[in-house]
Structure formats: structure tokens, C-alpha cells
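Each residue of the sequence shown is one higher than the one before, starting from 556 at the first, in our numbering.
This report concerns only the one structure given below.
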Amino acid sequence: MIKLSDIRKIYNKGKSNEFEALKEVSLTINDGEMTAVIGKSGAGKSTLLHILACIDSYEDGEYYIDDMLVKNLSEKKLAEIRNSKIGMVMQDYALVDDFSCIENVLLPLDFAKNKKANKTELAMNALKSVGMDGMAKKPVNKLSGGQKQRVAIARAVVNEPSIILADEPTGALDSKTSAEIMGLFHKLNENGKTIIIVTHDMEIANQCGRIIEIFDGKIKF
Ligand SMILES: Nc1ncnc2c1ncn2[C@@H]1O[C@H](COP(=O)(O)OP(=O)(O)OP(=O)(O)O)[C@@H](O)[C@H]1O
Ligand SMILES: [Mg+2]
556 MIKLSDIRKI YNKGKSNEFE ALKEVSLTIN DGEMTAVIGK SGAGKSTLLH ILACIDSYED
616 GEYYIDDMLV KNLSEKKLAE IRNSKIGMVM QDYALVDDFS CIENVLLPLD FAKNKKANKT
676 ELAMNALKSV GMDGMAKKPV NKLSGGQKQR VAIARAVVNE PSIILADEPT GALDSKTSAE
736 IMGLFHKLNE NGKTIIIVTH DMEIANQCGR IIEIFDGKIK F
């Protein structure tokens with residue numbers, strides 16, 4: 556379970572360009588929920604996702620993942636949480652362009668405590684789950700946008716995280732390819748993953764069991 560209480564995020568604290576990007580955000584997301592986060596540009600959607608992903612800190616409030624308080628933790632501990640519990644998918648895929656599909660999917664396994672021999676098998680299984688096992692050795696810069704996003708999803712799930720966070724995962728894709736990528740998120744959700752998708756697209760948002768709107772750094776009810 557994910558629980559945020561009264562989270563405040565301030566960029567450039569104490570400087571003349573100080574900016575409060577999240578204001579007293581409280582939110583509970585149960586295991587297995589599929590949630591869309593919507594809101595205008597600059598509302599704070601990515602900021603929220605980065606806090607949830609433990610890649611950004613916050614000034615006030617508390618963030619719990621599975622009853623563990625994510626606050627004042629060492630970089631090592633944060634990396635451990637990210638690796639074991641969270642998979643991230645970005646609009647621009649964030650793949651290593653001149654690596655092959657399988658090399659990209661192997662990356663998170665290098666940080667995890669898996670036996671070496673096992674890693675290739677895990678990466679291949681992840682690629683298979685998104686229909687990309689046939690292109691395992693192809694460099695990702697030779698792939699279409701939809702294929703790249705499939706590889707990015709394989710990389711996000713290879714460590715079997717319980718939570719998948721996606722920031723505009725279909726933002727760069729045409730509607731047919733978007734629907735295919737959403738199909739993968741639905742499949743992951745059916746298999747018990749908690750999914751949180753930031754989107755501008757109401758058609759995508761309406762496919763999620765729950766919609767959260769952020770307005771000026773606050774959750775709109
Ligand atoms: N690193 C940063 N330093 C200073 N201000 C920032 C930083 N990142 C984001 N902001 C500001 O915080 C606010 C929220 O940004 P955020 O990226 O969360 O918006 P968003 O809802 O994801 O927007 P978009 O839909 O355009 O992606 C914006 O006003 C933005 O300018
Ligand atoms: Mg954003």
C-alpha cells in the first residue's frame with residue numbers, strides 16, 4: 556500500500572525562485588489498484604510521481620510504502636526500495652539507445668542480488684511478456700516507438716516490482732500503439748501490480764479504475 560499524508564514539495568527552497576510544487580497532498584493507493592493521474596501542464600504530476608518513485612525528496616509530510624516510512628533514508632536504502640518495489644516507465648522510454656533490447660532489460664538486474672546465470676533468463680522472460688523476445692539482440696535505436704516502450708516496460712518489470720509508475724507512457728505514440736501499450740498495463744494490473752499512470756489523455760485515464768486530478772499542486776476532489 557502507498558500512503559501519502561500532507562506531502563509538500565518545494566523546489567529551490569530558501570532561494571528567490573522558491574516554488575511549492577505540491578501542497579498538502581494526502582493519498583492512499585491500495586495494492587492492485589490502477590490509477591490515472593491527470594492535470595494541466597505544471598500541476599505537479601511528475602513531481603508526485605518522482606516522490607512516489609523515491610527519486611525525489613519532499614519537505615513536509617510522510618510517505619509510506621507498505622508501512623515503511625520513506626523519509627531521511629540513505630541513498631543506498633532508497634536504491635534498494637526502488638529496485639525491489641518500483642518499476643518506472645517514461646514518455647521518452649529512457650533506454651540506452653545503442654544497447655540491445657536484452658542489454659537494456661539486464662540493467663536493473665545488475666543492481667539486484669540475482670545469480671548471474673539466472674539474469675539472462677529473467678530478462679528474456681520479461682521481453683517475452685511484452686512480445687519482444689524475438690528482437691532481444693536488436694539495438695533499441697532500430698525499434699519503433701511502440702517497440703521501445705515495450706522494452707521499457709520489460710525493464711520496469713524484470714525485478715518483479717509490486718508498483719509500476721508511468722509518466723505519459725503513451726504520450727509519444729499513435730492511438731493504435733497507445734492501445735497496445737495500455738493492453739500491457741492492463742495485463743500487469745490483472746496480475747496484481749499496482750499501476751499509476753500520468754496522462755493527458757482522458758481516453759487512457761478512463762480505462763483506469765480511479766482518476767486523481769492534480770490542480771496547482773493539490774489533489775482536486
Ligand atoms: N527541478 C525543478 N526545479 C524547479 N521547479 C520545478 C522543477 N521541476 C518542476 N518544477 C516546477 O514544478 C511545477 C510542477 O512540475 P511538474 O513537472 O510536476 O508538472 P507536470 O504536471 O508533470 O507538468 P507536465 O504535464 O508539463 O509534465 C512546475 O511549475 C514546474 O515548473
Ligand atoms: Mg510531467
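Backbone N, C-alpha and C define an ideal beta-carbon position, used for all residues, glycine too.
Original post:
Count the other CB atoms within 10 Å of the CB of GLY772; is the residue buried (16 or more) or exposed (fewer)?
Top reply: buried
Original post:
Any heavy atom of ligand 2 closer than 6 Å to the Cβ of LYS742?
Top reply: no
**OP:** Could you tell me whether the Cβ of GLU723 comes closer than 7 Å to any Cβ of chain D?
**Re:** Absent from the structure is chain D; it holds one protein chain and no more.
Original post:
Which whole-angstrom value is the C-beta distance of ALA691 and ILE641, which I expect to be below 8 Å?
Top reply: Contact flag wrong, Cβ pair sits at about 24 Å.
**OP:** Give the DSSP-derived three-state secondary structure of GLU735 in the structure shown.
**Re:** helix
Original post:
Between GLU745, VAL592, ILE759, which lies nearest to ALA734 when the distance is taken from Cα to Cα?
Top reply: ILE759
**OP:** Verify the contact flag: PHE574, CB atom, against every heavy atom of ligand 1, threshold strictly below 6 Å.
**Re:** yes
Original post:
Counting pairs of beta carbons, one from the region 612–619 and one from the region 558–565, are three or more of them closer than 8 Å?
Top reply: yes
**OP:** Would you mind stating whether THR725 and ILE736 have Cβ atoms separated by less than 7 Å?
**Re:** yes
Original post:
What separation, rounded to the nearest whole angstrom, lies between the Cα atoms of ALA634 and SER571?
Top reply: Distance between the alpha carbons of ALA634 and SER571: 31 Å.
Original post:
How would you label SER601, buried or exposed, when you count the other beta carbons within 10 angstroms and need 16 or more for buried?
Top reply: buried
Original post:
What's the C-alpha gap between MET556 and THR590?
Top reply: 13 Å
Subject >> Touch test, the region 751–766 against the region 579–598, Cβ-Cβ under 8 Å, three pairs minimum >> reply: yes
**OP:** Go through its chain and collect everything with a Cβ distance to MET645's Cβ below 6 Å, but skip five positions before and after it.
**Re:** ASP722
**OP:** Determine the burial state of GLY597: buried for a count of at least 16 other Cβ atoms within 10 Å of its Cβ, exposed for fewer.
**Re:** Looking at its Cβ environment, which holds fewer than 16 other Cβ atoms inside 10 Å, GLY597 is exposed.
Original post:
For the beta strand (DSSP E) that contains MET687, what are its first and last residues?
Top reply: No beta strand (DSSP E) contains MET687, which DSSP labels as neither H nor E.
Original post:
For ALA576, does the three-state DSSP call read helix, strand or coil?
Top reply: ALA576: strand per DSSP, three-state reduction.
Original post:
How is the alpha helix (DSSP H) around ASP591 delimited, first residue to last?
Top reply: It should be pointed out that residue 591 corresponds to Ala in this sequence rather than to Asp. Run containing ALA591: none in the alpha helix (DSSP H); it sits in the beta strand (DSSP E), 589–593.
Original post:
Is ILE719 helix, strand or coil by DSSP?
Top reply: strand
Original post:
Does the Cβ of SER733 lie closer than 6 Å to at least one heavy atom of ligand 2?
Top reply: no
Original post:
With burial defined as no fewer than 16 other Cβ atoms inside 10 Å of the residue's Cβ, what is the status of LYS703: buried or exposed?
Top reply: buried
**OP:** Would you identify the three-state DSSP class for GLU768, choosing helix, strand or coil?
**Re:** strand
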